[in-house]
Amino acid sequence: MNRKENFTAGFIRENPVFSLYLGLCSTLAITTSLNNAIGMGVAVIIVLIMSNVIISLVRNITPNEIRIPVYIVIIATLVKVIQMLIKAYAPSLDSALGVFIPLIVVNCIILGRAEAFASKNGVFDSALDGLGMGLGYTASIILMSLIRQVIATGVISFNNPFDAAQTFFSFRIIPEDFTISMFTQPFGAFVTFACLAAGLSAYKTHKENKAKQLEKEAK
Numbered sequence: 001m002n003r004k005e006n007f008t009a010g011f012i013r014e015n016p017v018f019s020l021y022l023g024l025c026s027t028l029a030i031t032t033s034l035n036n037a038i039g040m041g042v043a044v045i046i047v048l049i050m051s052n053v054i055i056s057l058v059r060n061i062t063p064n065e066i067r068i069p070v071y072i073v074i075i076a077t078l079v080k081v082i083q084m085l086i087k088a089y090a091p092s093l094d095s096a097l098g099v100f101i102p103l104i105v106v107n108c109i110i111l112g113r114a115e116a117f118a119s120k121n122g123v124f125d126s127a128l129d130g131l132g133m134g135l136g137y138t139a140s141i142i143l144m145s146l147i148r149q150v151i152a153t154g155v156i157s158f159n160n161p162f163d164a165a166q167t168f169f170s171f172r173i174i175p176e177d178f179t180i181s182m183f184t185q186p187f188g189a190f191v192t193f194a195c196l197a198a199g200l201s202a203y204k205t206h207k208e209n210k211a212k213q214l215e216k217e218a219k
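At position 161 of the sequence shown (counting the first as 1) the number is 161 in the numbering used here, and the numbers step up by one without a gap.
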């Protein structure tokens with residue numbers, strides 16, 4: 001793949017959530033509000049980019065036999081730094097995300113990109129891969145959060161992560177009498193994920209069939 005294809009792969013073709021089905025535990029658990037999704041997304045983007053860059057830098061001096069433990073130590077260190085920063089400067093976000101911030105360490109997206117891409121490519125390409133995959137993950141959980149939040153509460157809102165008392169915007173989409181509170185529960189998470197994953201799969205199948213049809217017509 002060229003760099004453009006590498007960067008955009010995480011949005012549709014290799015979307016980590018709806019195509020590769022990675023990081024689903026945190027995805028299903030924290031996508032109850034836009035605040036949670038943006039906070040988790042930014043944290044994952046930072047860890048992905050930095051871990052990919054560092055692993056790309058040390059790939060030639062890391063013995064093959066211990067590469068996985070080395071990757072895990074790098075990722076765990078970065079996640080701990082991010083966790084401490086969130087705890088210090090965005091305590092409301094830290095409280096909302098809870099254990100799912102340190103669990104970024106075992107998020108399959110991070111280790112998967114380290115093993116599949118960063119360990120085989122240069123620094124710039126690895127950083128680009130981390131950014132693309134991180135943005136794809138973030139877009140996925142934001143979309144899930146918007147759907148679940150609107151259906152469950154009828155409201156789209158976003159608060160300042162550094163000051164929970166400050167609301168950037170909040171407006172009602174669905175009248176309160178027509179909301180479905182069940183979408184704040186695991187049921188809502190699974191239904192939303194299943195619908196979005198099925199939709200993306202159908203879109204990819206349509207694109208593949210169209211490409212095959214064009215190829216046949218060209219022959």
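We put the beta carbon where it would ideally sit given N, CA and C, even for glycine.
Nonlocal neighbours in the same chain, by C-beta distance under 7 Å from residue i, ignoring five residues either side
i, result
"V79", "V47, P102, I104, V105"
"S56", "A118, N121, G122, V123, S126"
"I110", "V47, L48, S51, I75, I104"
"F18", "S140, L196, A197, L200"
Terminal residues of the alpha helix (DSSP H) in which residue i lies
i, result
"S201", "186 to 218"
"A76", "67 to 89"
"V53", "34 to 58"
"N6", "3 to 8"
"S26", "24 to 30"
"I110", "108 to 116"
Residue i to residue j span [Cα, whole Å]
i, j, result
"A211", "A29", "37 Å"
"T167", "N64", "49 Å"
"A194", "F183", "13 Å"
"Q213", "L20", "26 Å"
"N35", "P69", "33 Å"
"H206", "N52", "33 Å"
"K219", "E208", "17 Å"
"F158", "V44", "19 Å"
"S95", "I173", "27 Å"
"T62", "I147", "43 Å"
"R67", "G130", "19 Å"
"G98", "E215", "50 Å"
"N107", "E217", "43 Å"
"E115", "N2", "19 Å"
"T138", "L24", "13 Å"
"T77", "V42", "17 Å"
"K4", "S145", "28 Å"
Candidates the options: closest to residue i by CA position
i, options, result
"N6", "L128, F178, F171", "L128"
"T302", "I151, A43, F100", "Residue 302 is absent from the structure shown; the chain starts at 1 and stops at 219."
"I156", "F162, A165, L143", "L143"
"K87", "Q185, P161, Q149", "P161"
"P249", "T8, S26, G41, S92", "Given that the chain is displayed from residue 1 to residue 219, the structure contains no residue 249 and the question cannot be resolved."
"Q149", "R113, S140, T179, A139", "T179"
"L22", "E217, D163, S140", "S140"
"K204", "T77, E217, A9", "A9"
"A221", "N2, F18, T31", "Lying before the first or after the last residue shown, residue 221 is absent from the chain, which here runs from 1 to 219."
"D163", "S181, Y89, F100", "Y89"
"S92", "V17, N60, R59, M40", "M40"
"R113", "F100, S145, I54, T77", "I54"
"F100", "K4, V58, A37", "A37"
"S181", "V17, T138, S33", "S33"
Boundaries of the beta strand (DSSP E) in which residue i is found, first to last residue
i, result
"I220", "Any answer about residue 220 is impossible in this case: the structure gives the chain only from 1 up to 219."
"R172", "163 to 172"
Cut-off 8 Å between Cβ atoms - residues of its own chain near residue i, not counting five sequence neighbours on either side
i, result
"G154", "R172, I173, I174, P175, E176, F178, T179"
Close beta carbons around residue i, own chain, < 6 Å, minus the five adjacent residues each side
i, result
"R59", "S119"
Sufficient close CB pairs (3 or more, under 8 Å) joining the region 69 to 89 to the region 8 to 18: Counting Cβ pairs under 8 Å, fewer than three are found: no touch.
Cβ pair count under 8 Å reaching 3, the region 158 to 173 against the region 199 to 206: Segments in contact, no.
Inter-stretch contact at 8 Å, needing at least 3 Cβ pairs: the region 81 to 88 / the region 130 to 150: Taking a cut-off of 8 Å on C-beta distances, the region 81 to 88 does not touch the region 130 to 150, as fewer than three cross pairs fall below it.
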